[in-house]
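These notes concern the structure reproduced below.
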Amino acid sequence: MVKGTTGYTFANFTFDTSGSGENVKITQLLIKHTTTAPSNFDDLQNITLYDGTVAQNTPVQGSSETANAGNPTAATTTITFLTPIVITKNTVKTLTLKADISGSAAAAGHAFGITSTAGVTATGVGTGSSITPTVTPSDGQTQTVNAAGTLRYYA
Numbered sequence: 006m007v008k009g010t011t012g013y014t015f016a017n018f019t020f021d022t023s024g025s026g027e028n029v030k031i032t033q034l035l036i037k038h039t040t041t042a043p044s045n046f047d048d049l050q051n052i053t054l055y056d057g058t059v060a061q062n063t064p065v066q067g068s069s070e071t072a073n074a075g076n077p078t079a080a081t082t083t084i085t086f087l088t089p090i091v092i093t094k095n096t097v098k099t100l101t102l103k104a105d106i107s108g109s110a111a112a113a114g115h116a117f118g119i120t121s122t123a124g125v126t127a128t129g130v131g132t133g134s135s136i137t138p139t140v141t142p143s144d145g146q147t148q149t150v151n152a153a154g155t156l157r158y159y160a
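Now the structure itself:
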């Protein structure tokens, strides 16, 4: 990824309600943001989840993420949906996390993932009952900021 890029896709989050007895409403996600160097969180701005092309939250600035105690290369990005995401029972929905990369971003890696059941706040639409999701913990794939693209030509 190249610094100065707008709307770069960092991660896709897939939610599966197969076997659910009712539609599921998600109101908040706690997403772990990891960098390969401390203090590079503010290199990313406008961290936003999209359902297709529609933004689902007020953009989060990297500088406002909550640092994880004892780990200077990890922070929590809290995504509170403007309107809760409703996933029809027995379907799959994918949300895409995008962010803008500062033109002065450092050459550091960034990854986004959900690492525990506490990362998803969900309830049943009909019952209002709290749902403890099954989460496959993941820190996400690390992607590194570069100053520019490269090209080699071989004759």
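The working numbering runs 5 ahead of the 1-based position in the sequence shown. No residue lacks a Cβ here, since even glycine has one placed at the ideal position from N, Cα and C.
Item                                                                                                    : Value
Segment contact flag, the stretch 130 to 144 with the stretch 97 to 113, C-beta cutoff 8 Å, min 3 pairs : no
C-alpha distance - Ala153 paired with Ala111, whole-angstrom precision                                  : 12 Å
Distance, Tyr158 Cα to Leu34 Cα                                                                         : 44 Å
Cβ-based burial, Gln146 [other Cβ within 10 Å; buried from 16]                                          : exposed
Residue range of the unbroken beta strand (DSSP E) whose run includes Gly145                            : Neither: Gly145 is in no beta strand (DSSP E) and is coded neither H nor E.
Bounding residues of the beta strand (DSSP E) (the contiguous stretch that carries Ala160)              : Segment: none, Ala160 is in no beta strand (DSSP E) and carries neither H nor E.
6 Å CB neighbourhood of Thr85 in its chain, flanking five on each side removed                          : Gln33
For Ser25, three-class secondary structure by DSSP                                                      : coil
Gly124 (DSSP reduced to helix, strand or coil)                                                          : helix
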